């Protein structure tokens, strides 16, 4: 009897690398002549960013930017001075083999920083940055989806899987010139900047994805009277080539700020009121097309001995978008006296931890929220108040399983404050949880099957029916396989509506 087997090649994800790399950041800085002597160190911080990455063969190479900011005051002048040094480092990860359709996740964070004033003109800084590296690739798994001939019986499972994936990464540069209005004082120096990338609009056109959005920029700068803030919006638009993309794909876009460089220039009136802003934004576009397939999970023949091989593997499901905002409130006091003025309030997050609870179908996202308040104290000197506070937020989704992976960013969206006393204030911040939830299902399916057509199955007697006592919830498939008959024959003979028994009782087993 002729045997025909239909096979399917499924795309399956595999973990290539999951680890942490470290990079020391050191700076021995001597002040240029145009900087005043150091009297009081206000703050020193490192802001790490991944500016580029590239895979060549079995190696991943990426560039790490460590943006070091040192704030201080001189003895004769209460104006805040800002030292800004940018250092780049090249890092390599050996993957061990070439990777098909690699997906790379690089998350840097500042671990620690120590800053020491050696003398009035020299600063010694020592710090460290760690980078969490995750790399996944795509492989294929051949499975059986249909068997014809040899009186084969099949147990099939329906599966919807990510059949096609298109992933494109692009870094764009956006420039914007913004002039301060008449009420704002001229800029002496840039202290810091914040950039919030709004959720982009996306539109699919043939083989392309159009991405549009806005970057909300906030700048804190020094002026003759102390410090001021300036807010403005920078629009961006980009067409990303994605060969094969059409309306049958589900698309997601992940944005990250690569760098923000702001320089103050003179305007037409000769005043230092023109801000030249250059943003570099990393855009990662992922498109997935899902297809249904029936996989053969088990097989036997009613006439011939059967041998088969099976394999367990992970099948990727379409990603689930996560976009939620929650609020955090706290209060802080200046233990060193009264607050004469609040220049700016901002927050950052660190030590993010994501726990997946498959039973409750939820993600628990926790970490530390770090508040910073730039003030003028009672002595008219700038100072920074700082406070760290733990936070926790739960995201619920019915598609969360024990095999889910979360690619989540936690981003403060800005702070507002209210003075509660002469030395205290309350702070409220909105925090956005945004990203994708990748779910996978573990499937076991046949990868090979063989029937021995030289030998016929022999029975222990000549009969057309057997009696069998079935128990509640027993799978009819297992009963049919045991007696080398068909599931349909048992269900028809016993008028069953389900392929699992609903009650205990005697069954008639027809022998086909």
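Residue numbers (the numbering used here): 3 to 514.
Don't be surprised by glycine CBs; every beta carbon is placed ideally from N, CA and C.
Note that the structure is predicted; figures quoted are calculated from it, not measured.
Report the rounded CA-to-CA distance for residue i versus residue j, giving the unit in angstroms.
i           : j           : result
residue 45  : residue 233 : 23 Å
residue 83  : residue 384 : 10 Å
residue 470 : residue 508 : 6 Å
residue 135 : residue 267 : 39 Å
residue 357 : residue 367 : 7 Å
residue 108 : residue 221 : 27 Å
residue 169 : residue 41  : 52 Å
residue 15  : residue 151 : 33 Å
residue 227 : residue 189 : 10 Å
residue 257 : residue 102 : 23 Å
residue 173 : residue 217 : 14 Å
residue 277 : residue 194 : 13 Å
residue 479 : residue 486 : 10 Å
residue 375 : residue 418 : 11 Å
residue 51  : residue 219 : 18 Å
residue 447 : residue 53  : 42 Å
residue 327 : residue 12  : 37 Å
residue 279 : residue 29  : 26 Å
residue 346 : residue 251 : 44 Å
residue 8   : residue 306 : 19 Å
residue 350 : residue 388 : 11 Å
In the DSSP assignment, what are the bridge partners of residue i?
i           : result
residue 349 : 373
residue 514 : According to DSSP, residue 514 bridges with nothing at all.
residue 507 : 472
residue 137 : 19 and 106
residue 309 : 452
residue 294 : 162
residue 90  : 67
residue 279 : 178 and 264
residue 142 : 13
residue 302 : 155
residue 196 : 220
residue 29  : 127
residue 287 : 170 and 255
residue 326 : 435
residue 24  : 132
Please classify residue i: does DSSP put it in a helix, a strand, or coil?
i           : result
residue 334 : strand
residue 100 : coil
residue 120 : strand
residue 356 : strand
residue 361 : coil
residue 495 : helix
residue 189 : coil
residue 490 : helix
residue 182 : coil
residue 403 : coil
residue 339 : coil
residue 43  : strand
residue 383 : coil
residue 319 : coil
residue 208 : coil
residue 398 : strand
residue 500 : coil
residue 4   : coil
residue 201 : coil
Using a 10 Å radius around the Cβ and a threshold of 16 neighbouring Cβ atoms, would you call residue i buried or exposed?
i           : result
residue 336 : buried
residue 331 : exposed
residue 156 : buried
residue 129 : buried
residue 392 : exposed
residue 510 : exposed
residue 298 : buried
residue 431 : buried
residue 466 : exposed
residue 105 : buried
residue 378 : buried
residue 460 : exposed
residue 311 : exposed
residue 319 : buried
residue 409 : buried
residue 74  : buried
residue 483 : buried
residue 184 : exposed
residue 230 : buried
residue 124 : exposed
My parser needs the beta strand (DSSP E) runs of 3 or more residues fully inside the stretch 409-484; what are they? 426-440, 442-453 and 467-472
Which runs of the beta strand (DSSP E) at least 3 residues long sit entirely within the stretch 223-277? Give them in chain order. 228-243 and 252-267
Along the chain, which unbroken stretches of the beta strand (DSSP E) at least 3 residues long are found entirely within the stretch 49-83? 61-75
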